[in-house]
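Under the numbering used here, the first residue of the sequence shown is numbered 44, with each subsequent residue one higher. Glycine is no exception: its CB is placed at the ideal position from the N, C-alpha and C atoms. Notes to accompany the following structure.
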Amino acid sequence: MPGSQPQPDPSGGSSHPDDTARMNIGQVLDLLRPDFPTITIPKIRFLEDQGHIKPERTPSGYRKFCTADVDRLRYVLTMQRDHYLPHKVIREHLDAIDRGLEPPPIEPVVPTVPTVALGDDGLPSPASFARRDAVRLSRRELLKIAEIDEALLAQLEDYGLVTAKPGTGHYDTDALVIAQTARELGQFGLEPRHLRAFRAASDREVGLVEQVVAPLHRGRDAGARARADETVETVAALSVRLHATLVKAGLARAGLRRG
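This is the structure in structure tokens:
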């Protein structure tokens with residue numbers, strides 16, 4: 044099975060020589076709940092109705108599950124949670140596995156995130172600030188793509204580093220990049236509370252850009268807005284270059300890097 048996805052036993056719970064234990068539905072629920080907190084007994088019965096598992100039945104009609112049944116349930120639930128696969132596709136995967144085949148590779152179902160335009164020096168170019176994208180990520184998608192947990196996102200929001208769009212609750216590409224960067228900085232012991240200085244510095248730089256473009260916004264001719272936009276993009280890119288270079292020079296003066 045590609046990646047680290049759980050692979051169900053091909054037997055489908057029918058007859059496995061090493062699988063003699065039988066469990067009731069409550070015991071199966073207890074095994075699955077640590078990884079799938081929302082799993083319920085009705086959900087397990089529904090997955091049986093979909094043909095994903097075929098537990099044995101006692102003469103009185105009670106279901107008896109084997110380890111292979113639990114493996115198959117774990118596989119189905121993972122495909123639904125992580126890859127949003129419909130039941131028809133999951134059945135095709137299970138059928139392939141039952142026949143000793145490998146199911147098709149699973150591509151992550153995530154939005155396409157636009158590439159940030161960089162200059163020759165690796166810094167954002169004016170085109171980066173001119174970028175307009177319509178990416179809207181749900182909270183769950185942001186957590187998954189940025190590879191962060193709910194606790195970190197909550198801290199980023201508390202310190203004003205990441206903000207959902209008002210009225211929609213969605214997050215944009217910038218929120219994703221900030222979340223990913225915060226995660227990477229966290230590997231060096233920097234927490235969201237330490238990143239407030241970056242937010243304060245960026246607010247001051249935004250204020251300087253506003254001073255530059257304010258006269259252009261007062262223009263009444265047809266090209267005034269276009270000139271203002273172009274100025275914002277250019278000045279913003281230059282300010283980021285200056286900021287990065289000053290940090291680089293400061294590190295050299297402090298002896299933290301070679302000049």
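Bridge partners of residue i, per DSSP?
{"i": "Arg106", "result": "Arg100"}
{"i": "Leu180", "result": "Tyr214"}
Which class does residue i belong to by DSSP, given the choice of helix, strand or coil?
{"i": "Tyr127", "result": "coil"}
{"i": "Met44", "result": "Since pLDDT at Met44 reaches only 41, below the 50 mark, its modelled position is unreliable, and the value read off the structure follows with that caveat. Coil."}
{"i": "Glu193", "result": "helix"}
{"i": "Arg301", "result": "coil"}
{"i": "Gln198", "result": "helix"}
{"i": "Asp264", "result": "coil"}
{"i": "Val71", "result": "helix"}
{"i": "Gln230", "result": "coil"}
{"i": "Asp78", "result": "coil"}
{"i": "His95", "result": "coil"}
{"i": "Gly55", "result": "Because the pLDDT of Gly55 is 43, which lies under 50, any placement of that residue in the model is unreliable, and the question is left without a value."}
{"i": "Pro303", "result": "Because the chain in this structure spans residues 44 to 302, residue 303 falls outside the shown range and cannot be described."}
{"i": "Lys208", "result": "coil"}
{"i": "Arg134", "result": "helix"}
{"i": "Arg115", "result": "helix"}
Would residue i pass as an interface residue toward chain D - the criterion being a Cβ-Cβ separation below 8 Å?
{"i": "Gly162", "result": "Absent from the structure: chain D. Only one protein chain is present."}
Under the assumption that residue i contacts residue j (Cβ atoms under 8 Å), give the Cβ distance between them as a whole number of angstroms.
{"i": "Leu116", "j": "Leu75", "result": "6 Å"}
{"i": "Leu180", "j": "Leu219", "result": "6 Å"}
{"i": "Pro98", "j": "Glu91", "result": "7 Å"}
{"i": "His126", "j": "Ile96", "result": "With a Cβ gap of about 19 Å, His126 and Ile96 do not count as contacting."}
{"i": "Val252", "j": "Val283", "result": "So it is not a contact: roughly 11 Å between Cβ atoms."}
{"i": "Arg226", "j": "Ile191", "result": "5 Å"}
{"i": "Thr110", "j": "Ala64", "result": "6 Å"}
{"i": "Arg239", "j": "Tyr202", "result": "5 Å"}
{"i": "Ile140", "j": "Val119", "result": "Not a contact, Cβ separation roughly 12 Å."}
{"i": "Glu182", "j": "Gly212", "result": "Note that residue 182 is Arg in the sequence shown, not Glu. At roughly 7 Å, the Cβ-Cβ gap stays under 8 Å, so Arg182 and Gly212 are in contact."}
{"i": "Val256", "j": "Ala271", "result": "5 Å"}
What is the residue span of the alpha helix (DSSP H) that residue i lies within?
{"i": "Val256", "result": "Arg239 to His260"}
{"i": "Lys291", "result": "Ala267 to Arg296"}
{"i": "Ala64", "result": "First-last for Ala64: undefined, no H or E at that position."}
{"i": "Pro148", "result": "That residue, Pro148, is in no alpha helix (DSSP H); it is neither H nor E in DSSP."}
{"i": "Phe89", "result": "Ile84 to Asp92"}
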